[in-house]
Structures are given as C-alpha cells and as structure tokens.
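Right, one structure below, let's go through it.
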C-alpha cells in the first residue's frame, strides 16, 4: 500500500513522537498525519483518507491519534 512508504520515511518521524506516549497504532496514524500535512492536505483530508483505507472502525483510532498529537503538541495543522 502507498501508506507503507510514508510510515518508513524518516521525514515523517518527528523526534518527540516516540516520547508522546501514543500506542503503536496511534503512532502510525500520527506519522501518516505528518506526511499528508506536509503534502498540503487538510486534517479532514487525512481523516477521510484513513477512513476510506481502513473503514469506519478506524474512527476511534483516529480520535485517539488526534488527541495524543494535540496533547503532545504534535498536531501538524493549525487549531
């Protein structure tokens, strides 16, 4: 899948992400958020893309990822 390349790309690995206390699944979603924000996509575009890729069951994980990124100061979009 296309998102695998984003997960292993070191440009999408923010230094503080490993100390943010987010679980592995959430950390992957955070890396994808960082990648798509760098490409100029919106937060809503990120949510839509992940939902389309992973299905509606991904919603709780998206919410958890967003909360963790916001709490850690890693949210890549303006509030």
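Residue numbers (the working numbering): 2 to 80.
We put the CB at the ideal spot given by N, CA and C, even for glycine.
Tell me where the alpha helix (DSSP H) around residue i begins and ends.
{"i": "residue 26", "result": "25-39"}
{"i": "residue 46", "result": "44-55"}
{"i": "residue 63", "result": "60-72"}
Between the alpha carbons of residue i and residue j, how many angstroms are there, rounded?
{"i": "residue 3", "j": "residue 31", "result": "Low confidence applies to residue 3: its pLDDT is 49, below 50, so where it sits in the model is not reliable enough to give any reading."}
{"i": "residue 74", "j": "residue 24", "result": "16 Å"}
{"i": "residue 55", "j": "residue 47", "result": "12 Å"}
{"i": "residue 34", "j": "residue 57", "result": "17 Å"}
Out of the options, point me to the one whose CA is closest to residue i's CA.
{"i": "residue 77", "options": "26, 23, 44", "result": "44"}
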